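Below you'll find the structure, written out as structure tokens, and then a few comments.
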Amino acid sequence: MAAMSMNMVIHRAFRRDLERFLDALASFRDGDRARADQLGTAWDNFDAQLTDHHEGEHAIAWPAMESIGVSKQLLATFDEEHDRMAEALAATRGAMATFRTTATAADASAARSAMANLQTITVAHLDHEEQEIEPIYLQPMYQQRIAHGTRGFPWTGGLWHGEVSYERGICPVTERLYESDLLLFDVCRVPLTTRDVDDVADAFEKVIQNLDRLRALDGE
Ligand SMILES: [Fe+2]
Ligand SMILES: [Fe+2]
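Rendered as structure tokens:
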């Protein structure tokens, strides 16, 4: 489940960036071409990251989750939500392209409407994904106590007679690490190359070397 901690970090970045786009588009000054271009560049990056994230989940995370007991039905629901997100992304992509070309306040406003719709759809999906798959004992299999069949096996069926709790809060330190303090991901695996791994190490070093600047930016 290490990949899911990375999932939380990525989700937070998406939520943060959507808010930033809404703020930036709301305060856009008519005709400010340089600003429209900056926002267009930021959008291209966001668009690529969100597309890559949900397509990667479908191709890599869903099969891994299915193998540990997450239901096919839930994964199909996630895919439907991804499809709605992809539609909203396409609409926003078009609106942002127009805005970048014209740099008018009217097109900034149209792009903001598309972005607000994208935010609603995306945040609802991110919330849903987190509720269902993090942490492991809050997954439906444990909450509904059905791992196999329809009758609650193996909690029922006479093989086991104990009592167990799967309530949120039973592992507060683990939950805190999982939700905010610990960052784990599988960096040493195919198809990543040594150069990809070096890129990740460089990114960590870059952040660490610029912590003061980043903290200052956060306060702006
Ligand atoms: Fe995700
Ligand atoms: Fe997702």
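Under the numbering used here, residue 216 is the last one in the sequence shown; the count climbs by one each step, no gaps. Positions of the beta carbon are idealized from the N, C-alpha and C atoms, including for glycine. The model shown is predicted, which means the values in this text are computed figures rather than measured ones.
My understanding is that Q139 touches Y162, with C-beta atoms under 8 angstroms, so please give their C-beta distance in whole angstroms.
-> 6 angstroms
Determine the DSSP secondary structure at A199, reduced to helix, strand or coil.
-> helix
Is there contact between the region 42 to 50 and the region 83 to 90, where contact requires at least three CB pairs shorter than 8 angstroms?
-> yes
Contact check, R96 vs D198 under 8 angstroms by CB: the rounded distance?
-> At roughly 30 angstroms, the Cβ-Cβ gap does not stay under 8 angstroms, so R96 and D198 are not in contact.
From W58, D103 and T152, residue whose alpha carbon lies closest to that of L21 | D103
Touch check for the region 9 to 27 and the region 51 to 61: three-plus C-beta pairs under 8 angstroms?
-> no
Considering only residues of the same chain and omitting the five flanking positions on each side of S67, which have a CB-CB separation below 7 angstroms?
-> P136
Nonlocal neighbours in the same chain, by C-beta distance under 8 angstroms from A112, ignoring five residues either side | L18
Return yes when at least one heavy atom of ligand 2 lies under 8 angstroms from the C-beta of F74, else no.
-> yes
Residue burial classification, L70 (beta-carbon count within 10 angstroms, cutoff 16) | buried
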